[in-house]
Amino acid sequence: MSADRTPYDSGDVVDALTRAEPLDVRGAWLGWARTLVPVWRRGLDEHGRLRDDASATARLLEWADGAFDLLDAWHDGEPVIKARVREIERAIAGLRPGGAFQPAAGRLFVPVCQHVARALQPAVRITTGAYREDAFAHVAASGLLDLAAARTVFPLSLGDLTQVWVRTPRYDQGAHHAGRAYHRPLVEAAPGLELGGPAEEVLAEAARLWSVFWGEPEAVVVPEEVWTAPDLGWNADLARALDADVNGRLLRRARD
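Quick note on numbering: numbering that gives the first Met the number 0 labels position 5 of the sequence shown as 4, and the sequence is numbered without any gaps.
#1: Whose C-alpha, out of Asp11, Tyr7, Trp28, Asp14, is nearest the C-alpha of Gly214?
#2: State the Cα-Cα distance for the pair Asp51 and Glu224, rounded to the nearest angstrom.
#3: I need the straight-line Cα distance from Arg40 to Ala206, nearest angstrom please.
#4: Relative to the alpha-carbon of Pro21, which residue among Ala174, Val109, Val138 has its alpha-carbon at the smallest distance?
#5: Is it true that the CB of Gly105 sits closer than 9 angstroms to the CB of Thr56?
#6: Please confirm whether Ala63 and Val24 have their CB atoms less than 9 angstroms apart.
#7: Closest to Val221 by C-alpha separation, out of Arg169, Ala147, Pro229, would be which residue?
#8: List in chain order: all unbroken alpha helix (DSSP H) runs of 4+ residues lying wholly within the segment 151-208.
#9: Where does Leu144 sit, in a helix, a strand or coil, going by DSSP?
#10: Which residues in the same chain as Glu132 place their Cβ atom closer than 6 angstroms to its Cβ, once the five residues preceding and following it in sequence are excluded?
#11: Residue range of the alpha helix (DSSP H) that Ile91 falls in?
#12: For the alpha helix (DSSP H) containing Trp62, name the first residue and the last one.
#13: Quick one: grab the DSSP three-state call for Trp31.
#14: Just checking, does the segment 151-158 make contact with the segment 110-130 on the three C-beta pairs under 8 angstroms criterion?
#15: Our contact map puts Leu49 next to Leu60 with C-beta atoms below 8 angstroms; I'd like the distance itself, whole angstroms only.
#16: Quick one: what does DSSP say Trp226 is sitting in, helix, strand or coil?
#17: Given this structure, state the Cα-to-Cα distance separating Val13 from Ala122, to the nearest angstrom.
#18: Comparing C-alpha positions only, which one of Phe67, Ala82, His182 sits nearest to Thr126?
#19: When you compare only the Cα positions, how much space is there between Arg85 and Tyr7?
#20: Just the C-alpha distance for Leu144 and Leu202, rounded to the nearest angstrom, thanks.
#21: Go to Leu107, then tell me how far its alpha helix (DSSP H) extends in each direction, as first and last residue.
#22: Measuring straight from C-alpha to C-alpha, what distance separates Glu187 and Ser141?
#23: So Val219 packs on Val38, CB below 8 angstroms; how close in whole Å?
#24: Can you tell me whether Phe212 is helix, strand or coil according to DSSP?
Here's what the structure looks like:
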């Protein structure tokens, strides 16, 4: 697979969505983000079980309840309740407690929850005025990849995969900062991590989701074994390597 032949090109999707009515884009993306709510709640349960903190989990679940009812109301022009926004955002952050890979370490549901969090967070911000209308197309184009990664159980956060990509010879800074390269880490970095096959599944699913973007959103079904898979350690090992690399580069810059 090459960047020229990928089934999902985020730049093309951004172009198409930019030509659409911004409020239509926002409404359509909210519909797709809503399909992740059951996975959001299950992720909070599973993180809470490993933390052994029932009270904190109950609080996060309470904050998640009805979140999209509020987002719909805010989308329709009702006043934004800032305290409720903070609660919803904290419930989303509960999918990444104590850092991206803690306390569940290398369990498979951790990256799945990260995909969900990366899709849900912009869904909140897109209704609260945090994004300009010209950013709506970018939110949806990148969000479709996170949604596809959750649906296909891609075993690494796309944020972490992007951190790998920016240190590859094929990294395109211009495309990255113009928001036209959301898909390229899957094409150009994933194979080096032996994730080329799963990355192709993500891109194919993102292309399929894009083909039905304006239709009725489809439910997300995460296989039960995702939640019960043992700690494999792979993600935690990669996280430590990424952290060491980033910290090493920062230290070298400080010395220079």
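Backbone N, C-alpha and C define an ideal beta-carbon position, used for all residues, glycine too.
To lay it out plainly:
#1: Counted from its first residue, the sequence shown places residue 214 at position 215. If we check each option's Cα against that of Gly214, Trp28 comes out closest.
#2: As a working note, residue 51 is residue 52 in the sequence shown. As a working note, residue 224 is residue 225 in the sequence shown. The alpha-carbon atoms of Asp51 and Glu224 are separated by roughly 21 angstroms.
#3: On the sequence shown, residue 40 is found 41 positions in, with the first residue counted as 1. On the sequence shown, residue 206 is found 207 positions in, with the first residue counted as 1. Spanning the two alpha carbons is a distance of roughly 26 angstroms.
#4: The residue given as residue 21 occupies position 22 in the sequence shown. If we check each option's Cα against that of Pro21, Val138 comes out closest.
#5: In the sequence shown, residue 56 corresponds to position 57, counting from 1. In the sequence shown, residue 105 corresponds to position 106, counting from 1. In this structure, Gly105 does not lie closer than 9 angstroms to Thr56 by Cβ.
#6: For the purposes of this step, residue 63 is identified with residue 64 of the sequence shown, where counting begins at 1. For the purposes of this step, residue 24 is identified with residue 25 of the sequence shown, where counting begins at 1. For Ala63 and Val24, no; Cβs fall outside 9 angstroms.
#7: As a first step, residue 221 is located in the sequence shown; it is residue number 222 there, counting from the start. Closest by alpha carbon: Ala147.
#8: 157-164, 172-176, 183-187
#9: Here residue 144 corresponds to residue number 145 of the sequence shown, with the count starting at 1. Leu144 falls in the helix class under three-state DSSP.
#10: Mapped onto the sequence shown, residue 132 falls at position 133. Taken in chain order, the residues that qualify are Pro21.
#11: Taking the sequence shown and counting its residues from 1, the one referred to as residue 91 is at position 92. Unbroken alpha helix (DSSP H) run through Ile91: 81-92.
#12: Translated into positions along the sequence shown, residue 62 becomes position 63. Here the alpha helix (DSSP H) through Trp62 covers 53-63.
#13: Working through the sequence shown from its first residue, we reach residue 31 at position 32. Three-state result, Trp31: helix.
#14: yes
#15: By 1-based counting over the sequence shown, the position of residue 49 is 50. By 1-based counting over the sequence shown, the position of residue 60 is 61. That pair is no contact at about 15 angstroms.
#16: Along the sequence shown, read from residue 1 onward, the residue named residue 226 stands at position 227. Reduced to three states, the DSSP call for Trp226 is helix.
#17: Here residue 13 refers to the residue found at position 14 when the sequence shown is read from its first residue. Here residue 122 refers to the residue found at position 123 when the sequence shown is read from its first residue. Their backbone Cα atoms lie some 17 angstroms apart in a straight line.
#18: The residue labelled residue 126 in the question sits at position 127 within the sequence shown. Thr126 has its Cα closest to that of Phe67, out of Phe67, Ala82, His182.
#19: Mapped onto the sequence shown, residue 85 falls at position 86. Mapped onto the sequence shown, residue 7 falls at position 8. Near 33 angstroms, if we compare the C-alpha coordinates of Tyr7 and Arg85.
#20: Here residue 144 refers to the residue found at position 145 when the sequence shown is read from its first residue. Here residue 202 refers to the residue found at position 203 when the sequence shown is read from its first residue. When rounded, the distance between both Cα atoms is 7 angstroms.
#21: As a first step, residue 107 is located in the sequence shown; it is residue number 108 there, counting from the start. Note, Leu107: premise wrong, no alpha helix (DSSP H); not H, not E.
#22: Within the sequence shown, residue 187 is the residue found at index 188, counting from 1. Within the sequence shown, residue 141 is the residue found at index 142, counting from 1. The straight-line gap from Cα to Cα measures roughly 16 angstroms.
#23: To locate residue 219, count along the sequence shown from 1; it is residue 220. To locate residue 38, count along the sequence shown from 1; it is residue 39. The pair is a contact, with the Cβ atoms about 6 angstroms apart (cut-off 8 angstroms).
#24: Residue 212 sits at position 213 when you count from the first residue of the sequence shown. Here Phe212 sits in coil by DSSP.
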